[in-house]
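Heads up: the sequence shown runs through residues 68 to 295, numbered per the numbering used here.
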Amino acid sequence: KSLVGKIDILIVAVSPRATQVVISELKNLWNTEITITETSSVKNQLNFDSPNNIIFSHPIAGSDKSGIGGIDEELFLNKKTIICNPYNVNEAHMTKIKNFWQHALSMRVSEMSVKEHDLLFAMTSHLPHLISYALIDSIRLAEKDVGDNAGGGLKEFIRLSGSNPEMWKDIFELNEKNIIRSLASFQLSINNLLELITKIKEIPSSFSHSDILKNELEEIKKYKEDTF
């Protein structure tokens, strides 16, 4: 407890699987005036014995770059941080951690449950990374020399699949159920579009597959414009 009185906040920023281990090793700092938080993008595996000073955080400001080469002084500016408070810590700790993200790093803060967090980011982050790895792998297996012929649409997939494999192995395994749930929904959408493209989908005789495909794409585009 030599750190008590010397620091206000302790941030554990390690791989998702290591987060549980590291915070457990800090047990002598639990239930002290130090606010402990972490930055993992998966929370369901974190389980501690009722500490009153541990808050989960997830700054949505990642990059595919790791280590010293990934330093960006504006990485957190105006980005969002999710806070989960499964142990109902007191208001002093909550205020301290919110002030840190909002005022020290100029981030926006919102709160949600661990369950909500893991499902949301399975859909918006973990599944896109999984799809990126799969897409790049499909190109690799096709044994085509793509080279500098990659279109603009592929570049974001290339960036995502360049992320740290060790970290993403952890994320895929630890958030397995939510990723499978999100993948099932994604597969339904893919199958729907594929059936329209190949004209095997059953549709009313008064419509053409082409018209319905166009309408689907327009609805998706409108949702994107209204939501993101």
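Yeah, the Cβ is synthetic: ideal placement off N, Cα and C, and Gly gets one too. All values reported here derive from a predicted model rather than from experimental measurement.
Is it the case that the CB of V176 approaches a heavy atom of the ligand NAD more closely than 8 Å?
-> As presented, the structure is devoid of all ligands, the ligand NAD included, so that no description of it is given.
Under three-state DSSP, which class holds S177?
-> Here residue 177 refers to the residue found at position 110 of the sequence shown. Strand at S177.
Distance between I149 and S91 (C-alpha atoms, nearest Å) | Reading the sequence shown from its first residue, position 24 is the one you call residue 91. Reading the sequence shown from its first residue, position 82 is the one you call residue 149. Taking the straight line joining both Cα atoms gives about 22 Å.
Does the segment 260-269 come close enough to the segment 199-207 that 3 or more CB-CB pairs lie under 8 Å?
-> no
Taking the DSSP output, what are the residues bridged to S124?
-> Walking along the sequence shown from the start, residue 124 turns up at place 57. According to DSSP, which records beta bridges pairwise, S124 is partnered with I150.
Alpha helix (DSSP H) runs wholly inside the segment 74-129, at least 4 long, in chain order = 83-92
For the alpha helix (DSSP H) that P195 lies in, which residues bound it at each end?
-> By 1-based counting over the sequence shown, the position of residue 195 is 128. Note, P195: alpha helix (DSSP H), L194 to A209.
Kindly confirm or deny that the segment 102-113 and the segment 73-84 touch, where touching means at least three C-beta pairs closer than 8 Å.
-> yes
Between which two residues does the alpha helix (DSSP H) containing M234 stretch?
-> Translated into positions along the sequence shown, residue 234 becomes position 167. M234 -> alpha helix (DSSP H) spans P232 to L241.
Residues bridged to V71 [DSSP beta-bridge criterion] | For the purposes of this step, residue 71 is taken as residue 4 along the sequence shown, with counting starting at 1. Its beta-bridge partners are I74.
Candidates T102, D185 and L172: closest to D139 by CA position | By one-based count along the sequence shown, residue 139 stands at place 72. Checking every option, the nearest Cα to that of D139 belongs to L172.
My guess is that T102 and I76 are in contact by the Cβ rule of under 8 Å, so how many angstroms apart are they, rounded?
-> Taking the sequence shown and counting its residues from 1, one reaches residue 102 at position 35. Taking the sequence shown and counting its residues from 1, one reaches residue 76 at position 9. 5 Å between Cβ atoms; contact.
Identify which residue in E286, L194 and S230 has its Cα closest to the Cα of G134.
-> For the purposes of this step, residue 134 is identified with residue 67 of the sequence shown, where counting begins at 1. It is S230 whose Cα lies nearest to the Cα of G134.
Can I122 and Y154 be called in contact, C-beta distance under 9 Å?
-> Working through the sequence shown from its first residue, we reach residue 122 at position 55. Working through the sequence shown from its first residue, we reach residue 154 at position 87. Cβ atoms of I122 and Y154: closer than 9 Å.
Extent of the continuous alpha helix (DSSP H) run through L284 | In the sequence shown, the residue the question calls residue 284 occupies position 217. Here the alpha helix (DSSP H) through L284 covers H276 to T294.
DSSP state of T191, grouped into three classes?
-> What you label residue 191 is simply residue 124 of the sequence shown in a count that begins at 1. Here T191 sits in helix by DSSP.
Terminal residues of the continuous alpha helix (DSSP H) containing A217?
-> Position 150 of the sequence shown holds residue 217. It is not in any alpha helix (DSSP H) - A217 carries neither H nor E in the DSSP assignment.
Local conformation of S228 per DSSP, three classes | Numbered from its first residue, the sequence shown carries residue 228 at position 161. DSSP places S228 in coil when its eight states are reduced to three.
Out of L260, E240, T162 and L280, state which residue places its alpha-carbon closest to the alpha-carbon of Q112.
-> In the sequence shown, counting from the first residue as 1, residue 112 sits at position 45. With distances taken between Cα atoms, Q112 lies closest to E240.
Of the listed residues K165, K182 and W235, nearest to P195 (C-alpha basis) | Taking the first residue of the sequence shown as position 1, residue 195 is located at position 128. Answer by Cα proximity: W235.
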